[in-house]
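Per numbering that gives the first Met the number 0, numbering through the sequence shown is continuous, rising by one, with the last residue being 118.
We put the beta carbon where it would ideally sit given N, CA and C, even for glycine.
Bear in mind the structure is a predicted one, so any value in this text is a computation, not a measurement.
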Amino acid sequence: MISIWWPLAVGSGRSEAGLSDPDDFAYKPLHNRWHTVMDGGLDPETIGDVITRLGKWAELSFRPTGHSPCRGLAASSKRAGNDRKVIAKQGGWVENSAAMEGYFEGGDGWEENVLVKVL
0 MISIWWPLAV GSGRSEAGLS DPDDFAYKPL HNRWHTVMDG GLDPETIGDV
50 ITRLGKWAEL SFRPTGHSPC RGLAASSKRA GNDRKVIAKQ GGWVENSAAM
100 EGYFEGGDGW EENVLVKVL
């Protein structure tokens with residue numbers, strides 16, 4: 000039985016849990032009694048449900064979903080200067096993925112605007 004999950008994607012908590020494989024699951028289940036990190040990962044639907052419930056609990060003005068970490072990963076990686084090939088590999092997308100490109104639409108409007116230096 001899993002009662003709690005633990006996000007380990009950004010590095011905080013990874014060393015404390017003794018996790019060193021960067022290709023390991025980012026979201027790990029915790030045992031419901033001992034709260035020890037268990038093997039394996041949570042399925043995508045469960046991760047999305049947890050993120051949505053936490054957003055409701057935090058009384059956010061928007062409804063986060065399982066796509067929120069995907070969009071955040073893509074946007075953060077792009078802001079860090081990574082090219083689309085690297086971002087696709089990080090997020091598990093195929094190169095030139097339409098889904099991945101969709102995550103950039105909101106942020107590209109001004110950066111790639113041809114009139115940005117004209118006006």
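- Under the three-pair Cβ rule at 8 Å, the region 91-102 counts as touching the region 60-80.
- Using a 10 angstroms sphere on the CB of Ser75, the tally of other CB atoms stays under 16, which defines it as exposed.
- Annotation for Pro68: no beta strand (DSSP E) segment contains it, though the alpha helix (DSSP H) segment containing it runs His66 to Arg78.
- Boundaries of the alpha helix (DSSP H) around Pro43: Pro43 to Trp56.
- Looking at the DSSP output, Val93 sits in no beta bridge, so it has no partner there.
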